[in-house]
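Reading through the structure tokens given below for one structure.
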Amino acid sequence: MSKLRSHFRCFRGCAGTYSVLEVIYTCPKCGGLLEVQHDIDALRARSADEWKRLFDARVGTTEWPYGSGVWGKKEWIMPTIADENVVSMYEGNSNLFWAERLGRQVGVSELWVKLCGNSHTGSFKDLGMTVLISVVKQMREEGVPVRAVACASTGDTSAALAAYAAAAGIPAVIFLPEGKVSPAQLIQPIANGAYVLALDTDFDGCMRVIREITHDGESPDSSIYLANSMNSLRIEGQKTVGVEIVQQFDWEIPDWIIIPVGNLGNISALYKGLKLMQELGIISRLPRLVAAQASKANPFYLSYLNGFREKVSVEAGSTLASAIQIGAPVSYEKAVQAIQETDGIVEQVSEHEMAAAAAMADTTGMYTCPHTGAALAALFKLLERKVVKSSERVVVISTAHGLKFTPFKVGYHEGTLMEVESDLANPPVYLPADAEVVRDTIQRRLT
Ligand SMILES: *Cc1c(COP(=O)(O)O)cnc(C)c1O
């Protein structure tokens, strides 16, 4: 298997390939995004059954680095990285659980939730960051002058970058939109020792600044390496989420996978992983993908409505789903392919709908972040319209841990969230320390 190779090429198909160890983010010919291309013929040297056996055998192993859900599939991700340069905190292998009670309430018996927030930094961004930082470590070992890694972030990317960079001993610089990130998210890069800059702008504004600071190749500024999902190394790790879901169903595909989207890197990655499995004969068809957007920040939904004839950008309004508060999505073209090739759907949900869906899921034992609420709310709408059938198997990707969004939870149950009716608010009851009163009160609640 040592002959396996991967390199960058233009996503739109311009000629030319580039080493994954080169400082390059976009196609020098057309300015479009790059993607990592694998040698499919070399990968076909193993049969579908051999790949399944190999990957199944690695789940949970302590043999470095294969116990990671990402590096357990190293041949498909970044085969040329030396094992000693892998920077991993054994991300991935997150639980896919049967949300039986919630499913029954909304009328779909096979509702499954992929809890990607049960991860080192509390979101699915760890999956991509382990790959990017491992490549940077190898670059530095080979003498490429990368002095620091940097990202603009709505919160979760910066937490993942700061943690993996700290684990590798590589300096990290974080650009955050001032006041638009939850305190729990802001504190993660601070705790991990990153250099945190809060800019007086929104996410899209941070993205503009960081693009000027992290130039491609030859430029004197190329020593600060861009870690946003525009850098397609991240996509390689993120794509394992789709592979893992199929693996967890004993290599069967679900009918639908629903994911909240902002910058559109993750839905592109989900598709890329599934497509690779199809090319290697592991699955015979693709699940239908649903992209869920907040109606306050819905450029992809608007593009979908116009049949993807033109890319819409908006100024993102303030949404509870802060990680998807993005108006000019970078991975637009890749995401259009993901929707079109899977007969997919883009749906939007209001602030109330996402908060209500999250609260309802919580009453069945989950603890959902607002983005997961958006994905669930999109599902509820599609069930109502009978686009998703009650007999179908549905996976909702839960992208972050609810504990990162405590103000959202508190606000909901205190009834203080804007544009949200807290129908399921469950405030504590204050009582005197009197057993008689306490007993009566409990009795009333239980009847
Ligand atoms: C990053 C993120 C998303 C969206 O991913 P994109 O690649 O930006 O579309 C959704 N939910 C959470 C919690 C995230 O951190």
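Everything in the sequence shown is counted per the working numbering, starting at 23 for the first residue and increasing by one. The beta-carbon is built from N, C-alpha and C at its ideal position, and this holds for glycine as well.
If you look at Gln-315, you'll find it in the beta strand (DSSP E) that goes 310-316.
Between Leu-308 and Glu-363 the beta-carbon gap is near 7 Å, inside 8 Å, which marks them as a contact. Around the CB of Gly-129, fewer than 16 other CB atoms lie within 10 Å, so the residue is classed as exposed. Going by C-alpha positions, Thr-438 is about 27 Å away from Val-336. Remark: the shortest separation between the CB of Thr-84 and any heavy atom of ligand 1 does not fall under 7 Å. Nearest to Val-451 by alpha-carbon distance, out of Val-459, Trp-73 and Ile-209, is Val-459. Inter-segment contact for the region 325-345 and the region 270-277 is absent: fewer than three beta-carbon pairs are separated by less than 8 Å.
Of all alpha-carbon atoms in Ala-383, Gly-35 and Leu-154, the one lying nearest the alpha-carbon of Val-92 is that of Leu-154. The alpha-carbon separation between Asp-148 and Thr-48 amounts to approximately 23 Å. Under the criterion of beta carbons closer than 8 Å, Phe-197 and Ala-172 qualify as touching, at roughly 7 Å. Sorting Ile-209, Glu-164, Pro-87 and Asp-224 by C-alpha distance to the C-alpha of Ala-185 places Ile-209 at the top. When the beta-carbon positions are compared, Val-371 and Ser-444 stay at least 8 Å from each other. Ligand 1 has no heavy atom closer than 7 Å to the beta-carbon of Ser-325.
Shown here for Thr-223: same chain residues with a beta carbon closer than 7 Å to its own, the five before and five after excluded, namely Pro-199 in chain order. Here Phe-225 is near Gln-347, since their CB atoms are less than 8 Å apart. DSSP places Ala-291 in no beta strand (DSSP E) but in the uninterrupted alpha helix (DSSP H) bounded by 287-301. Per DSSP, Tyr-247 is one residue of the beta strand (DSSP E) stretching across 246-248. With three or more CB-CB distances shorter than 8 Å, the region 406-419 counts as touching the region 129-138. For Arg-310, the CB contacts under 6 Å within the same chain, skipping 5 residues up- and downstream, are Trp-278, Thr-364, Asp-365 and Gly-366 in chain order. For Ala-350, the closest alpha carbon among the candidates Glu-164, Pro-282 and Leu-286 is that of Leu-286. Beta-bridge partners assigned by DSSP to Leu-118: Lys-136. Looking at the backbone, the Cα of Lys-294 and that of Gln-300 are separated by about 10 Å. The beta carbon of Lys-136 sits no closer than 7 Å to any heavy atom of ligand 1.
Collapsing the DSSP output to three states places Glu-234 in a helix.
Under the 10 Å beta carbon count, Lys-25 is surrounded by fewer than 16 other beta carbons and is classified as exposed.
Annotation: Asn-253 to Val-352 spans about 10 Å, alpha carbon to alpha carbon. With contacts defined by Cβ atoms closer than 8 Å, Val-312 and Ala-400 form a contacting pair. The closest heavy atom of ligand 1 lies 7 Å or more from the beta carbon of Gly-259.
DSSP lists Val-171 as the beta-bridge partner residues of Ala-194.
One Cα belongs to Ala-70, the other to Gly-144, and the distance between them is close to 32 Å. Here the distance from the Cβ of Ala-345 to the nearest heavy atom of ligand 1 is below 7 Å.
DSSP places Ala-379 inside the alpha helix (DSSP H), whose first and last residues are 373-384.
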